[in-house]
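Please read the structure below before turning to the comments.
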Amino acid sequence: MTYDFDKVIDRAGTHAVKLEKTPAGSAPFWIADMDFDTAEPIKQAVIERAQKGCYGYTTYSDELKDATQKWFETRHGVHYEKDWMVYAPTVVAGIACLIEALTEPGDGILIQEPVYHPFKRHILSTGRKPIIYNLEKSFGFYTIDFFKFEAMMANPEVKGMILCSPHNPCGRVWTKSELSIMATIAKVYGKFIICDEIHCDLTRNGVVHTPILNLAEDYKDNIAICTAPSKTFNLAGMQLSTIIIPGEEMRKKFQDVIEGQLDLAIPGALSLVAATAAYNEGGEWLDQLKDYLDKNMEFAMEFFMKYLPEAIVTPPEGTYLLWVDLSAYMNGNRWQNVADMMDKCKIFFNDGEMFGDAGKGHIRINVACPRAVLEEGLKRLL
């Protein structure tokens, strides 16, 4: 079927975080969920299950594991054994439990800033130490200086790293070469990799995501992959993620935390059927979505080139999040800072500084909304 992504969905009354935590009168373009209607097969599966009633305890089903396995084999050419799959309510919760399971208080964990802010938050909240590697930036494009990276990974204080692939907020889809070098360095120094691949399905057309496990088969016991249908199919409210842990020892440590300590091993009755339907029947919706997101990205980039030409827009390779450096317009040149801009323009983005000091003067824009909504919002900057 053909999906209408121009349709404006009224989310009022749904307790959407995007609405309820946006300042009154401001247009929301921040938190990473989408303003599009859910794929029809997912809605029908949820409705059918809801009509059955009896919403008791549920298990992480073999049907969902089968669907997950088939999706990643078909879409990304990577094989995940079903025994490797462990339920977590969210990727963020899974990462927090992995930090607890794999490290001790005082241990260092490397992250690549600017990066998704919960990484640092959970490192600090568990008494660990964030080791910050700032990505190299040239004309808005982010890369890794592997001499600096290796020196930091060689530090005995560093026990491992959290890798964001594709990268949020920069939108980089790491190449096979980049991923292979990172995995090799981790292997040389015996460091674990927690790899957040939640945005793996949301690459620009023509851009290919490479699962890190395909490049590190001989080191897979020291790698954990964090993924979910939540970003791909806009199911964040369903609270279901999959943590893929090939190594038996690492997997047991993780299960001891998420199941034994925290008792977070029970998925929601409706989340199971939603995720299963998404992976089994959501491909057509996703393909059409990606085409629409590509056009939204193009529209936003053209807007900045035309109306705010001194803005530096990072070329988007993945995610539906556009990373824009507005530093040229700050410090009184147009606005004092990002907060001042959002207040005066009545538009709400993620302030780039929340992703690390390297994000100062930047904004992260969520373009996963109808084109008319995106156009109306960006015009508030003028």
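Position one of the sequence shown corresponds to residue 12 (the working numbering), numbered consecutively onward. C-beta: ideal position from N, C-alpha, C; glycine also.
Leaving out five residues before and five after residue 239 in sequence, what residues of the same chain have Cβ atoms less than 6 angstroms from its Cβ?
Same-chain partners within the cutoff: 102, 209 and 252.
Bridge-paired residues (DSSP) for residue 141
Looking at the DSSP assignment, residue 141 forms a beta bridge with 120.
Note the first and the last residue of the continuous beta strand (DSSP E) segment covering residue 152.
Looking at the DSSP string, the run of the beta strand (DSSP E) that includes residue 152 is 152 to 154.
Residue 176 in three-state terms, based on DSSP
In the structure shown, residue 176 sits in coil (DSSP, three-state: anything other than H, G, I, E or B).
Cβ pair count under 8 angstroms reaching 3, the stretch 179 to 195 against the stretch 218 to 229
Cβ pair count under 8 angstroms is three or more, so yes.
Got a sec? Which residues, its chain only, sit under 6 angstroms from residue 247 by beta carbon, not counting five neighbours each side?
Excluding sequence neighbours, residue 247 sits near 44 and 241.
For residue 238, the three-state DSSP class (helix, strand or coil)
Residue 238 falls in the strand class under three-state DSSP.
Grouping DSSP H, G and I as helix and E and B as strand, with all else coil, what is residue 375?
Residue 375 falls in the strand class under three-state DSSP.
Same chain, Cβ closer than 6 angstroms to residue 379, five either side skipped, listed in chain order
The residues are 45 and 331.
Assuming residue 99 is part of the beta strand (DSSP E), what are its boundary residues?
Element bounds for residue 99: 96 to 99.
Start-end ranges of the alpha helix (DSSP H) lying completely within the stretch 193 to 259, minimum 4 residues:
Listed in chain order, the complete alpha helix (DSSP H) runs (minimum 4 residues) inside the stretch 193 to 259 are 241 to 244.
Helix, strand or coil for residue 267? Go by DSSP, reduced to three states.
Here residue 267 sits in helix by DSSP.
Among residues of its own chain, excluding the 5 on either side of residue 222, which ones have a beta-carbon nearer than 8 angstroms to its beta-carbon?
So the list reads 83, 87, 88, 89, 208, 211 and 236, once near-sequence residues are dropped.
Around the Cβ of residue 298, are there at least 16 other Cβ atoms within 10 angstroms (buried) or fewer (exposed)?
Counting Cβ neighbours within 10 Å, residue 298 comes out exposed, since fewer than 16 surround it.
Would you kindly work out how many angstroms separate the C-alpha atoms of residue 48 and residue 305, rounded to a whole number?
Straight-line Cα distance between these residues: approximately 18 angstroms.
Between the stretch 31 to 41 and the stretch 346 to 360, can you find at least three pairs of beta-carbon atoms closer than 8 angstroms?
The stretch 346 to 360 vs the stretch 31 to 41: in contact.
Note the first and the last residue of the continuous alpha helix (DSSP H) segment covering residue 77.
Element bounds for residue 77: 73 to 87.
Residues in its own chain within less than 8 angstroms of residue 326 by CB, not counting five upstream and five downstream?
In its chain, beyond the 5 residues on either side, 151, 152 and 182 have a beta carbon closer than 8 angstroms to the beta carbon of residue 326.
Under the DSSP definition of a beta bridge, which residues are partnered with residue 334?
DSSP, once it has assigned bridges, lists 375 as partnering residue 334.
Beta strand (DSSP E) containing residue 149: first to last residue?
Segment 147 to 149, the beta strand (DSSP E) holding residue 149.
Supposed close pair residue 40, residue 377 - CB separation, criterion 8 angstroms
Going by Cβ atoms, the distance from residue 40 to residue 377 rounds to 5 angstroms, so yes, they are a contact pair.
Tell me the rounded alpha-carbon separation between residue 27 and residue 42.
Straight-line Cα distance between these residues: approximately 10 angstroms.
If I measure Cβ to Cβ from residue 74 and keep anything under 6 angstroms in the same chain, skipping five residues before and after, which residues do I get?
For residue 74, same chain residues with a beta-carbon under 6 angstroms away, outside a window of 5 residues either side, are 287 in chain order.
Should residue 76 go down as buried or exposed, given a rule of 16 or more other Cβ atoms within 10 Å for buried?
Around the beta-carbon of residue 76, 16 or more other beta-carbon atoms lie within 10 Å, marking it buried.
Check for me: the alpha helix (DSSP H) holding residue 290 runs from which residue to which?
Looking at the DSSP string, the run of the alpha helix (DSSP H) that includes residue 290 is 280 to 292.
Per-residue DSSP class, three states only, for residue 351:
DSSP, read as helix, strand or coil, puts residue 351 in helix.
What's the call for residue 336, buried or exposed, on a 16-neighbour Cβ count within 10 Å?
Flag for residue 336 reads buried.
By the DSSP assignment, the alpha helix (DSSP H) with residue 42 in it spans what residues?
From DSSP, residue 42 is part of no alpha helix (DSSP H); its letter is neither H nor E.
Which residue wins for smallest C-alpha separation from residue 386, given the options 342, 312, 340 and 371?
The shortest Cα separation from residue 386 among 342, 312, 340 and 371 belongs to 312.
Counted within 10 angstroms of its Cβ, other Cβ atoms place residue 372 as buried (16 or more) or exposed
When all chains shown are included, residue 372 counts as buried.
Compute the beta-carbon to beta-carbon distance between residue 184 and residue 366, rounded to the nearest angstrom, for a pair I have assumed lies under 8 angstroms.
Between residue 366 and residue 184 the Cβ distance is about 18 angstroms, and since that is not below 8 angstroms, they are no contact.
Minimum C-alpha distance to residue 12 - residue among 321, 292, 307 and 363
Answer by Cα proximity: 292.
C-beta atoms of residue 278 and residue 69 nearer than 8 angstroms:
Yes. Within cutoff.
Span of the alpha helix (DSSP H), counted from its first residue to its last, around residue 181
Run containing residue 181: none; DSSP gives neither H nor E here.
Rounded separation between residue 171 and residue 317 - CA only
Each residue's alpha carbon lies about 43 angstroms from the other.
On the DSSP letters alone, give me the boundaries of the alpha helix (DSSP H) that residue 108 sits inside.
Residue 108 -> alpha helix (DSSP H) spans 102 to 113.
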